[in-house]
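Student: Residue numbers (my numbering): 80 to 217.
Glycine included, C-beta positions come from ideal geometry on N, C-alpha and C.
(1) Express the C-alpha separation of residue 130 and residue 157 in angstroms, rounding to a whole number.
(2) Within a Cβ cutoff of 6 Å, which residues of the same chain sit near residue 135, ignoring the five residues on either side of it in sequence?
(3) Residues in the same chain with beta-carbon distance under 8 Å from residue 193, minus the five sequence neighbours each way, listed in chain order, please.
(4) Contact between the region 119-130 and the region 193-208 is defined here as three or more beta-carbon pairs at a separation below 8 Å; is this criterion met?
(5) Whose C-alpha, out of 212, 179, 163 and 175, is nearest the C-alpha of residue 34?
(6) Grouping DSSP H, G and I as helix and E and B as strand, with all else coil, what is residue 174?
(7) Output the distance between the C-alpha atoms of residue 165 and residue 200, rounded to the nearest integer angstrom.
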């Protein structure tokens, strides 16, 4: 599955506007939520799986490497609230609206977000050391 962007972010990317300002909307922080299961078929709806952990982006949440991708600045670790295998993620903008979603897998598994392990245990510290997202070009 390909990473999906909200309509507003896709339009910003295609028009050359600042995609990052569409994630950092106000003084709040953007968040990355890890869930079991798959992303919801309808973009903008939270996945039906169990929420495993919520991580918070520092501001600004991303920087643009090049016109084709964005890379996360520091992501603050979170504590897992449940146990399971991460199957998908959601990035919510600073207003709490889903801006980006995608699949998770172990490294080499083809997920949009790949990790050394997708197995998460309740009360574990969950961290992501780096995150680069390709921007849709059409």
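Tutor: Per the coordinate set shown:
(1) 12 Å
(2) 108, 110 and 155
(3) 183, 184, 185, 186 and 187
(4) no
(5) No answer is possible for residue 34: the residues shown for the chain start at 80 and end at 217.
(6) coil
(7) 10 Å
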